[in-house]
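This report concerns only the one structure given below.
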Amino acid sequence: MKKLINLYTLALLLIAASLATSCKKEYGNLNSPTVEDYLKNASKDQLNGLISGALSGMRNNEGTYLDAVSVVGREIYRFSNADPRFVTELLGSGSTTLNNTGFYITNPWASRYRVVKNCNVLIEAATNSTQISAEEKKGYTGFAKTLKAYELLLNLNLTYTNGIRVEVADPNNLGPILNNTESITAIAALLDAAKTDLAGATISFTLTPGFTGLADAAGLIKFNRALAARVAVYRQQWSAALTALNESFFDLNGSFNTGVYSVFSTGSGDQLNPAFFPQNQAGEVRLAHPLYVTNIEVNDDRIGKATLRTASVSNSGLSSDRDVWVYTSSTAPIPVIRNEELLLIYAEANIQTPNLTAAVTALNKVRNTHNLPDYSGAVTQPALIDEMLKQRRYSLFFEGHRWIDMRRYNRLATLPVDRTGDDVWTAFPIPLTEQ
Amino acid sequence: MRNLMNRIAGLLCILLLPCYLLAQEKTISGKITDGNGVPLPGVSIAVKQTSMGTFTDAEGKFKLTVPSNASIIISFTGFKSQTIKAESLQTDTQLKLEEDFAKLDEVIVTGLATTVKRRNLANAVGTISSKELNGVAPAQTFDAALNGKITGAYINANSGAPGGGISVKLRGVTSIFGNTQPLYVVDGVFMDNTATSAGLNAITAAAAGGNASTQDNPSSRIADLRAEDIVNIEILKGASAAAIYGSRAAAGVIIIATKRGKQGKTKISFSQDLGIIKVRKLLGVRQFTEQTAGSLSSNPATSAALKQQFRDAQAAGKIYDYEKEVYDNTGFTRNSVLSMTGGNEKTSFYFSTAQKKEDGIVNGTGYRNTSLRLNVDHRINDNIKIGISTNYINSSADRGLTGNDNNGVTYSISLSSTPNFIELHPNEFGAYPANPFGASNVLQTIALMRNNENVNRFATGFNVEAILLKGEKSTTKFIGRGGVDFYNLVTTALFPRELQFQAVNKGTSIQGSTKSLNTNYILSLVNTFNPSDKLGLTTSAGITQENGDFNNLLNVATQVAPGQSNVDQGGALSAQQFRNKFQNQGIFIQEEASLNDAVNLTAGVRFDRSTNNGDAAKFYVYPKAGVSVNLTRLGVMDEGFFDNLKLRAAYGQSANFPAFGSKFTTLVASNIAGTQGSIVNIQGGDPNIKPERQTEFEAGIDFSVLKSKLNFELSFYNKNIFDFLLLATVPASSGFSTKFVNAGDLRNRGVELGINAQPIASKNIKWTSSVNFWFNRSKVTKLTIPPVILGSFGTSLGSFQIEEGKSATQIVGTDAPAHPSGLVVLGNQEPRFQMNSFNEVTLFSKLTVRFLVHWKNKGDNVNLTNLLNDFGSTSADYDADANGNGVPDGPERIGGFLGGSARGFVQNSGYLRFREIGLYYTFNKIPGNIIRGIRTGISFNNFITITKYAGYDPEVSNFGTGFSTGVDVDPFPASKRAMFSVTIDF
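So the sequence lines, in the order shown, correspond to chains A and B.
Counted the way my numbering counts, the first sequence spans residues 83 to 517.
Counted the way my numbering counts, the second sequence spans residues 915 to 1900.
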């Protein structure tokens, strides 16, 4: 009997022991790192991974963004066998309108906010990290804020008067959708805050070849100010634009292509340029709007951005015989901002100041570089605005500017309407999921 | 915890009661037969409350020395058990056992360590005997053998591809994004049933379309099991029966017992099956004419060329039926099983080895399964016995390439655009021509590709029962069970560079390797206490632990060197890895009380925690309780009309885990310019994610009439799932697109009716029959987010929609022009009801006919196969005009789709199917001493199906075994089987 009781006690002990030893257990996520891990006390390598991730994420749906604004802005036609909406909803054919579930708004919108999220994680992780110096911390937060401002600006370009959300750090408690003025003011403030961080910062992360020459703290401030100049002209703050240009990499005599780019490669896990299609392709094509050629001046070398096809392509009553040839390989970079735009911002700010002589100098710089003679039109504010917008049209073709430029000068009504009943849209709707 | 302590203190008190068990001994012996005097071998003769016992031999004889005051329990599966006082037994006792059609004396496992007889059960627990599972017309795989045999289940085959792939849903939809499939427990070992994709999406790009699922259609791993080794299956359909299994029991538990050895002479049995497999149905192909061939192009020049091509093909007699050529082959099957059982009073064993090899209906496809099993039971002494089950399985399935794809490469999608007048056959040098109407030449694909799943699996279970304390009235046992299930799955998908669609990739090799290790144990103490003859108390308490470790590595190599398959022979390589690991811990306590063997009360509770939950340290509580009252035994009712009348009710709770990793917000790889980058995943995590919680209430009435020749079992259940998980769309400005949320509540209600009868029982003719009827109705009772479209390709093609107040399995879609905007309910996947009937007729104890018929009434599929054939202009009725409106049916159907109506795709998939028909003859008087008996038989599986469904088979699932079964996109056609078998007993 006693022996049996002992056995019983033994069994009880066994149960108690196994419960005591197998206390709380957590396996974590085995397949990828988690945000929660990074927020605790991130190492420099982890923070650098977030930087690369953000730069990589900036390219997601970049092709869709360029297609959307360029089709609405009547720069290009985009024909696709898989999706008719490029020639219906984006051009407002018949009674079709832009849809708040359409891929042309939901996909770029989500991709931009995903990068914003990554930047917010980076800011929080860098702030919590005890493994980096205060200067390095400023480097991370300053750069993250700059990227965040740029991504928000791209979404505001799409939704314009419908606005964007700026406060999105807490996914369970998103800030309100701000109107256009509030949004762009917030973006400008974010760029300024980023500049403050970058001043006196140490950059301990490696950037892509897209940042060549601008990859240190001083260079990043120049990049930040270039974006600030763009935002300033959008806000019609002309002197602020000139101030920002002075602190940027703007160089009246420098290469037009100096600047910051999204880069592509065939490496493992990397992406190819989504805005590249080979010439003379069938099915999936991007074509220059016929008026691009009609309106171009003789000898303008920018005709090379719209090469003649072996055969023209038609779709739904639209037709063109020229391919878009801006990105000429699957690894060609896409500019974020470059000196040629800064020259034109300089011209624009000076036209508006007004300082017409300086403006003409800059415009001639652009014209001459593209194989055109000096500007010979009237040196008046309205005439120069026309000339500046024309140069922007050809210099920044298929870089995502035409529609926004025409909008801010209230000229959307002057864009060509190719088919009866087509519409030129002013703004994309806010995606359905935000409502 | 305090509860447990009190319980155990109680147990200790009981143990301290004085015990005495001293008596004189006597020897009993005799012969046991059935009602017709046929000797019954293997009948258990056990002394009540001891571990003493024996079995009858081949002649039905037994001999045992017992205490003279003992009670002897005589029991045998399928017969009513008897309890007899040893005093009344003599040497040479002749005993007849009565057959138990209602299976009232069947022992059912109700706890993790305790059992109860069916007559006292509070739940309707389904059982499948070895005869029902495998004794009529054997299916290819174990999972297919379950089909049509479980009352209350909706079982659906994903496709006809060799190697299985079956969805089993017990009592309706238990989860939408979580696990919908039951837990399989074999001899105490929790078996893994993951379906692991072979990475075919790299070839088919099926996920690039309207649904992100890879649609690779892998087989479920439970298909590896050998039906021949199984003696009995119990099905706990919901939480009221299965709560004691805790967090893994929400979708039900299928408890499988394999065959075990018995004391007596060693018996050797060998059986051999030979058979054929044919396609069950073909859809037919369009018969082109010169005119219709020309109409394949709107370009005049091309059209003229096509007409010429048709004329040439016709003149050369080269009009083909490629569907027939691909699917209408005869597959040969063979299956050999050698088994041995035997043992003495201490040790017994069951051993079997088997090999099955089956060709598929498509060349190059097939299934092979080789297995070894050894089950050993041993008594160390009168108080301790152990049991070990070991099983090794090697299975290999060549599954071909079928189903949805966006690259035009699967057999079926390629066929859908291939007209009958083009040449796909190889030339005299063996080179296949390119298919001008599609991305692939199906004959070339079949000849050159390979898609194989190969599994090596070990499962070992261990069982120990030790009597710790034994008194006259109280017995305490320690029961420990556990085991290991380990497999290594190798998937090989090879697409050589010669293939038409490999022009860009220049040879693709996809090699997957998966290791899965599952271990579990249950340690429990069980006390049975019988203070008097009228009261029995069984108390059990214990702990459990389950561990899982899953690791899948998938390599995709392209530009593979000619003739090579190793991934390092590729020019470009990409890799994916997925790991999953969990640990669950449980504590359970259960009390069962029996009054007068007529009233039974059960109450139990399980505390569970898991690393899968948001809070891994938190214990969730899953209670259960049940009561059954046998009115006839209680004496409330006279045993007049009713031989047996029982009322029962049971309640229980269970849960389903959140998807692995859904509590984390992960960072995924996104590289740029050669540097490693991390970016937040588009799926947000929720650290507060909760398990789906299920409560089930079940009530029923069981009764027998006409001297138990007619037995009824009627049950009603109400199953609520709270906080079910949905992948919800969130505002994209949060940085995330989706997130798992506990989105609402779901309800399933249903009725199950089972009837067992023995209409004829004469000496020469015996007919037993069972008929079951069941249905389920589901409803989303609460949804905290907007309605969610899921499970198919979008509303223009018909899709499921989770919506408050509606059935969880409703199918909605657009329906213009009748409804110009918005969505209309077009159907429901749920059958209106199902019925089955199993019958066995035995003539002169020699000739036996068995058949299983299964009727699924209504229930809709989303059938897109026909649409794809219409798009490819190859459907058999493309040029027909069924409604006589002058528009050919093919263009008319396409017009309906383009006009915005999904109505045509939602089709009734009801069927009446003679799943299994078997005819067996037994020779039992064989001259000589070596062979004791020979059984021969012929059987037919899936031979007769009556359905109006227009696809290959009403059972289909493009998305595998998850929530959305019944979507039909060019599947591997279903097959039928005919088999001849011989079994020889030595």
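For glycine and all other residues, C-beta sits at the position ideal for the given N, C-alpha and C.
Bear in mind that the values here come from a model prediction, so they are computed numbers and not experimental data.
Close to P1645 of chain B, with beta-carbon spacing below 7 angstroms, are these residues of chain A in chain order: L256, T515, E516. Scanning chain A for C-beta atoms nearer than 7 angstroms to the C-beta of R1493 of chain B yields L112, N113, reported in chain order. Of all residues in the segment 300-323 of chain A, none places a beta-carbon less than 9 angstroms from a beta-carbon of chain B. Counting along the chain, the unbroken alpha helix (DSSP H) around I266 of chain A starts and ends at 262-280. The alpha-carbon of R1607 of chain B is positioned some 48 angstroms away from that of A271 of chain A. With contact defined as three or more Cβ pairs closer than 8 angstroms, the segment 228-239 of chain A and the segment 1613-1632 of chain B are not in contact. Residue state for L1097 of chain B is assigned as strand, using DSSP reduced to three classes. Segment contact: the segment 1675-1690 of chain B against the segment 1110-1117 of chain B, fewer than three CB-CB distances shorter than 8 angstroms; contact not assigned.
R307 of chain A sits in a helix when the DSSP states are folded into three classes.
Under the 10 Å beta carbon count, I1860 of chain B is surrounded by fewer than 16 other beta carbons and is classified as exposed. Contact between the segment 1051-1067 of chain B and the segment 1081-1098 of chain B is present: 3 or more CB-CB pairs across the two stretches fall below 8 angstroms. Following the DSSP letters along the chain, one finds E329 of chain A inside the alpha helix (DSSP H) bounded by residues 320-329. The Cβ-Cβ distance between Y1236 of chain B and T1332 of chain B falls below 8 angstroms. With a threshold of 8 angstroms between beta carbons, K126 of chain A makes no contact with chain B. Around the beta carbon of Y1835 of chain B, a 10 Å sphere encloses fewer than 16 other beta carbons of the protein chains shown; the residue is thus reported as exposed. According to the DSSP assignment, S985 of chain B belongs to the beta strand (DSSP E) that extends over 985-989. DSSP links Y1536 of chain B through a beta bridge to B:R1520.
Interface criterion not met: the Cβ of D333 of chain A is under 8 angstroms from no Cβ in chain B. Listed along chain B is no residue with a C-beta nearer than 8 angstroms to that of W407 of chain A; the closest approach is about 23 angstroms. At least one CB of chain B lies nearer than 8 angstroms to the CB of D352 of chain A. For F1571 of chain B, no CB of chain A lies under 8 angstroms from its own CB, so it is not counted at the interface with that chain.
Nearest CB-CB separation between T170 of chain A and chain B: not below the 8 angstroms threshold. Each residue's CA atom was taken as its position, placing N1461 of chain B and D1803 of chain B some 56 angstroms apart. For R167 of chain A, no CB of chain B lies under 8 angstroms from its own CB, so it is not counted at the interface with that chain. Across the structure, A1053 of chain B and A1067 of chain B are spaced so that their CA atoms are roughly 18 angstroms apart. Taking C-beta atoms as the reference points, N1434 of chain B and G1397 of chain B count as a pair closer than 8 angstroms.
In this structure, the straight-line span from the alpha carbon of G1385 of chain B to that of T1579 of chain B is close to 58 angstroms. The beta carbon of S995 of chain B sits closer than 7 angstroms to those of I987, I988, S989, D1019, all from its chain and outside the five residues before and after it, given in chain order. The closest CA to that of V448 of chain A, considering only A:P513, A:L334, A:N432, A:Q361, is found on A:L334. Taking C-beta atoms as the reference points, L1097 of chain B and F1104 of chain B count as a pair closer than 8 angstroms.
At a cut-off of 8 angstroms between C-beta atoms, V198 of chain A counts as an interface residue with respect to chain B. The DSSP-derived three-state label of V1481 of chain B is helix. If you keep only unbroken alpha helix (DSSP H) runs of at least 4 residues inside the segment 1323-1410 of chain B, you get 1325-1330, 1356-1362. Interface flag for G139 of chain A against chain B is set, since a Cβ pair is found closer than 8 angstroms. Close to P291 of chain A, with beta-carbon spacing below 8 angstroms, are these residues of chain B in chain order: A1587. Just measuring C-alpha positions, the residue of B:D1522, B:F976, B:N1797 sitting nearest D1006 of chain B is B:F976.
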